[in-house]
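For the sequence shown, position 21 matches number 21 in the UniProt record's numbering, and the numbering has no gaps at all.
Note that CB positions come from ideal geometry on N, CA and C, so glycine has one too.
It should be emphasised that the depicted structure is a prediction, and the values quoted were computed from it without experimental measurement.
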Amino acid sequence: MSNNSLDKDKIKILLLEGVHQSALDALHDAGYTNIEYHKTALAEDELIEKISEAHFIGIRSRTQLTEKVLEHANKLVAIGCFCIGTNQVDLDAASAKGIVVFNAPYSNTRSVAELVLGQLILLLRGIPAKNAACHRGGWIKSAVGSYETRGKRLGIIGYGSIGTQLSVLAESLGMEVCFYDIVTKLPLGNARQIKSLKELLSTSDIISLHVPETNSTKLMIGAKEVSQMKKGSIFINASRGTVADLDAVAEAIKSGNLGGAAVDVFPVEPKGNDEEFVSPLRGLDNVILTPHIGGSTMEAQENIGIEVAEKLIKYSDVGTTTAAVNFPEVALPAQADNHRILHIHENRPGVLSKINAIFSENNINITGQYLRTTEKLGYMVMDVDAEEGELALEKVKEVDGTVKARVLF
Ligand SMILES: NC(=O)c1ccc[n+]([C@@H]2O[C@H](COP(=O)([O-])OP(=O)(O)OC[C@H]3O[C@@H](n4cnc5c(N)ncnc54)[C@H](O)[C@@H]3O)[C@@H](O)[C@H]2O)c1
Ligand SMILES: O=C(O)CC[C@@H](O)C(=O)O
């Protein structure tokens with residue numbers, strides 16, 4: 001249930017999926033040298049074995065940190081998602097074990113928006129099919145079905161960090177931008193929010209998805225929604241593979257109801273570069289298929305490496321949880337010569353009074369105290385005189401409702 005402060009070289013960090021060298025550099029510079037690095041995701045049994053020994057883990061989108069996997073993560077204090085999406089982590093299971101989850105919510109958004117913009121230009125010109133024909137010795141020199149972007153309507157589903165950047169870039173090309181979002185959003189430039197998904201689908205020349213994976217987005221583009229799209233329109237998905245029914249998309253491409261598609265994310269993706277990629281969209285010339293690389297640019301990956309590594313370091317060094325995905329957020333100063341008790345508890349009546357009682361009953365002097373809560377979790381941080389740190393930790397660990405407790409010094 002608890003981790004005492006360890007020497008930095010004893011803190012085991014497991015980095016998977018080839019996170020950028022910048023993360024390794026940042027961790028090394030901060031004194032964390034006990035790092036196991038893998039270029040790919042791990043099979044579940046190996047992941048379970050390795051996570052049971054790790055204090056920190058860094059992943060991207062392929063590693064599934066399910067409840068079953070996290071059950072074995074008894075030393076783990078934090079998860080770093082070196083990406084935007086955190087749907088690959090069972091956040092409730094992580095919170096229940098007092099494991100903090102961090103991500104990089106903005107670092108690769110520009111990369112995705114740029115890729116989508118490039119794809120929509122290529123698809124409007126029919127380039128993927130013409131390119132494929134040339135590779136086979138064909139020659140489709142024709143303007144039929146080939147269009148400029150000017151004046152075309154782009155329908156964006158999910159007007160968040162990526163959707164808004166795409167909106168601005170598309171308007172700079174003279175496109176008309178409409179968007180659908182479950183939240184009322186301030187439109188940028190001349191963009192317009194459309195209240196009905198059906199209206200957006202049936203009036204847009206290009207549809208691009210930029211929603212997170214949630215219960216409300218699962219298969220939000222099914223056969224019915226695909227059939228509502230304008231004849232000859234273009235479908236782009238660089239969000240998550242669970243959002244669209246690719247069998248329905250493939251059928252619409254084959255029948256000519258859709259003019260083309262670009263898909264970067266799939267319901268099942270290969271775990272590594274040596275596993276076969278399977279999709280109903282394979283072999284369709286007017287479909288651009290990319291291996292989940294919307295955010296994979298050198299710039300984005302380097303920035304993500306630094307951002308997430310710094311969040312892990314700050315949590316490990318001083319207990320700061322700013323911008324955590326599943327956790328009460330506390331920004332903490334570096335502790336001076338004292339010991340810092342980090343107490344993660346169920347957010348229910350009685351826990352705090354018991355902790356405070358321990359300090360007064362045992363005459364432990366508190367030099368700083370911080371508290372934040374979410375609906376389910378409380379995170380209380382207490383700085384105490386160095387000689388009283390171990391006693392304080394032992395006592396607070398006994399409090400009913402404690403999820404995790406550790407001391408930093
Ligand atoms: N292909 C890639 O490599 C890549 C890279 C980065 C992000 N992504 C994916 O893109 C997603 C979006 O990223 P972002 O940074 O723009 O996220 P964001 O959270 O900033 O924006 C998401 C938007 O979707 C809206 N939304 C949520 N549910 C909706 C629904 N049911 N219908 C309509 N709108 C809904 C939200 O209100 C929000 O405005 C990420 O969650 C991630 O899964 C993919
Ligand atoms: O790098 C990855 O594996 C995923 C990138 C992207 O989907 C994200 O969520 O940021």
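Is there at least one non-hydrogen atom of ligand 1 closer than 7 Å to the beta-carbon of residue i?
i: Tyr37; result: no
i: Ala238; result: yes
i: Thr109; result: yes
i: Lys230; result: no
i: Pro267; result: no
i: Lys218; result: no
i: Lys195; result: no
i: Asp181; result: yes
i: Ser202; result: no
i: Glu213; result: yes
i: Val112; result: yes
Taking 7 Å as the cut-off, does the CB of residue i come closer than this to any heavy atom belonging to ligand 2?
i: His292; result: yes
i: Ile84; result: yes
i: Glu17; result: yes
i: Arg150; result: no
i: residue 420; result: Beyond the ends of the chain as shown, which are 1 and 409, falls residue 420; an answer cannot be given.
i: Gly295; result: yes
i: Ser208; result: no
i: Ser61; result: yes
In three-state DSSP terms, what is residue i?
i: Arg110; result: helix
i: Cys81; result: strand
i: Asp90; result: coil
i: Ser142; result: coil
i: Thr320; result: coil
i: His135; result: helix
i: Ala191; result: coil
i: Tyr379; result: strand
i: Lys395; result: helix
i: Ala30; result: coil
i: Leu120; result: helix
i: Glu213; result: coil
i: Glu176; result: strand
i: Tyr37; result: strand
i: Gln43; result: Per the sequence shown, the amino acid found at residue 43 is Ala instead of Gln. Of the three classes helix, strand and coil, the one that applies to Ala43 here is coil, per DSSP.
i: Leu16; result: coil
i: Ala309; result: helix
i: Ile162; result: helix
i: Met1; result: Residue confidence is low: Met1 scores 39 on pLDDT, short of 50, so the model does not pin down where it sits. Its coordinate-derived value is still stated next. Correct three-state label for Met1: coil.
i: Ile253; result: helix
i: Ser22; result: helix
i: Val69; result: helix
i: Ser208; result: strand
For residue i and residue j, which I take to be in contact (beta-carbon distance under 8 Å), what is that distance rounded to the nearest angstrom?
i: Leu408; j: Gly319; result: 6 Å
i: Leu123; j: Ile234; result: 5 Å
i: Val101; j: Ala262; result: Not a contact, Cβ separation roughly 30 Å.
i: Leu120; j: Ile206; result: 5 Å
i: Gly368; j: Asp383; result: 4 Å
i: Lys75; j: Glu53; result: 7 Å
i: Phe327; j: Ser161; result: 21 Å between Cβ atoms; not a contact.
Given a cut-off of 8 Å, decide if residue j and residue i are closer than it, judged by their beta-carbon atoms.
i: Gly98; j: Ile304; result: no
i: Val308; j: Gly58; result: yes
i: Val77; j: Leu47; result: no
i: Ile156; j: Ser208; result: yes
i: Ala26; j: Ile306; result: yes
i: Gly174; j: Arg150; result: yes
i: Gln165; j: Thr109; result: yes
i: Gly294; j: Ser111; result: yes
Fill in: Ranges of the beta strand (DSSP E) found wholly within the segment 325 to 377, counting only runs of at least 3
339 to 346, 366 to 373
Practice prompt. Any chance you could list the alpha helix (DSSP H) runs of at least 4 consecutive residues sitting entirely within the segment 233 to 296, in chain order?
Written response: 246 to 255
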